[in-house]
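>
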Amino acid sequence: MASYDFLTAYCTCPRCRTSGTFEIEAFFPSGGLFEYNLGDELINQTKIKLKENFIAEGYTICPYCDKDFFINIQVRNKTIYAINISDKKGYIDNPAKKH
Ligand SMILES: [Zn+2]
266 MASYDFLTAY
276 CTCPRCRTSG
286 TFEIEAFFPS
296 GGLFEYNLGD
306 ELINQTKIKL
316 KENFIAEGYT
326 ICPYCDKDFF
336 INIQVRNKTI
346 YAINISDKKG
356 YIDNPAKKH
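Take 266 as the starting number for the sequence shown in the working numbering and just add one per residue.
#1: Sorted by chain position, which residues of the same chain lie with C-beta nearer than 6 Å to Gly-297's C-beta, five sequence neighbours on each side aside?
#2: Return helix, strand or coil for Ile-338, following the three-state DSSP convention.
#3: Measure the CB-CB distance between Ala-321 and Phe-287 and report whether it falls below 8 Å.
#4: Mark Arg-280 as exposed unless 16 or more other C-beta atoms lie within 10 angstroms of its C-beta, in which case mark it buried.
#5: Taking Phe-271 as the reference, give the member of Lys-316, Ile-336, Tyr-324, Glu-300 with the closest Cα.
#6: Just to confirm my understanding: we take Asn-342, look at its own chain, exclude 5 residues before and 5 after, and list those with CB closer than 6 Å. What are they?
#7: So is Thr-325 buried or exposed if we call it buried at 16+ other beta carbons inside 10 Å?
#8: Mind checking Phe-319: buried by the 16 CB within 10 Å criterion, or exposed?
#9: Just mark Gly-323 as buried or exposed, buried being the case when its beta carbon has 16 or more other beta carbons within 10 Å.
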């Protein structure tokens, strides 16, 4: 399994509805700890041949509510085109969580 990359993108947390800039762990097949923004072309230093168009999984923990959620990252022409919130449920689901 390849390592992940980071994607910085503006989105709205589906858990607390706060909008802001999120640092998303992005699981691209070419993952190599690169830092991306929307509109960037993927850097591929692996021997894996990337598809032109695919949807990668992203994961982040909201800095506002400390809950996690998944993101679909749309890649078109090997470029990070758009993101949208995934239906996949996060792992952190304890409303009383306070350390
Ligand atoms: Zn949140």
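The C-beta atom is built at its ideal place from N, Cα and C for all residues, glycine as well.
Short version:
#1: Counting only Cβ-Cβ distances below 6 Å, and skipping sequence neighbours, we find Gln-310.
#2: It is a strand residue.
#3: No. Outside cutoff.
#4: That one is buried.
#5: The option with the nearest alpha carbon to Phe-271 is Glu-300.
#6: Excluding sequence neighbours, Asn-342 sits near Glu-317.
#7: Looking at its Cβ environment, which holds 16 or more other Cβ atoms inside 10 Å, Thr-325 is buried.
#8: Exposed, because fewer than 16 other Cβ atoms sit within 10 Å of the Cβ of Phe-319.
#9: Gly-323 sits buried, since 16 or more C-beta atoms from the chains shown fall within 10 Å of its C-beta.
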